[in-house]
Amino acid sequence: MFLEILQTLIKVLMVFSILIIAFGLAFYILLSNSLYLQTTYSFSSIPMSLMRTFSMMLGEMDFVGTYVQPLHRNELPYPIPAFVILC
Numbered sequence: 001m002f003l004e005i006l007q008t009l010i011k012v013l014m015v016f017s018i019l020i021i022a023f024g025l026a027f028y029i030l031l032s033n034s035l036y037l038q039t040t041y042s043f044s045s046i047p048m049s050l051m052r053t054f055s056m057m058l059g060e061m062d063f064v065g066t067y068v069q070p071l072h073r074n075e076l077p078y079p080i081p082a083f084v085i086l087c
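For the sequence shown, counting from 1, position 74 maps to 74 in full-length UniProt numbering; every step adds exactly one.
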């Protein structure tokens with residue numbers, strides 16, 4: 001039973017990984033030269049494009065504003081929850 005579920009899960013993940021890679025590369029090719037998008041780090045590199053595509057498939061629309069821009073400004077997005085989790 002466990003192996004059947006694992007096989008099905010692996011098949012589904014392979015299909016979704018192909019879609020994520022295809023859409024991520026397409027977005028990178030089409031949107032990497034946009035001046036506005038270069039300032040927001042959305043599709044500036046292939047790994048960033050893949051992460052952005054994955055987060056959009058999950059329903060998160062402001063991944064860059066929440067996690068990426070604070071990283072480039074050297075600030076912690078959620079300092080109190082991070083402190084509670086890490087301590």
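Built from N, CA and C at the ideal position, the CB exists for glycine as well. Just so it is clear, the structure is predicted and the values come from calculations on it, not from any experiment.
Residue of the options minimising C-alpha distance to residue i
i: Asn33; options: Met56, Ala26 and Ser44; result: Ser44
i: Ser55; options: Ile29, Gly24, Pro81 and Ile85; result: Gly24
i: Ala26; options: Ile10, Gln7, Ser49 and Leu13; result: Ser49
i: Tyr28; options: Met51, Met1 and Phe2; result: Met51
Burial state of residue i, where buried means 16 or more other Cβ atoms lie within 10 Å
i: Ser17; result: exposed
i: Leu58; result: exposed
i: Thr53; result: buried
As assigned by DSSP and simplified to three states, the class of residue i
i: Ser44; result: coil
i: Ser17; result: helix
i: Ser55; result: helix
i: Glu4; result: helix
i: Ser49; result: helix
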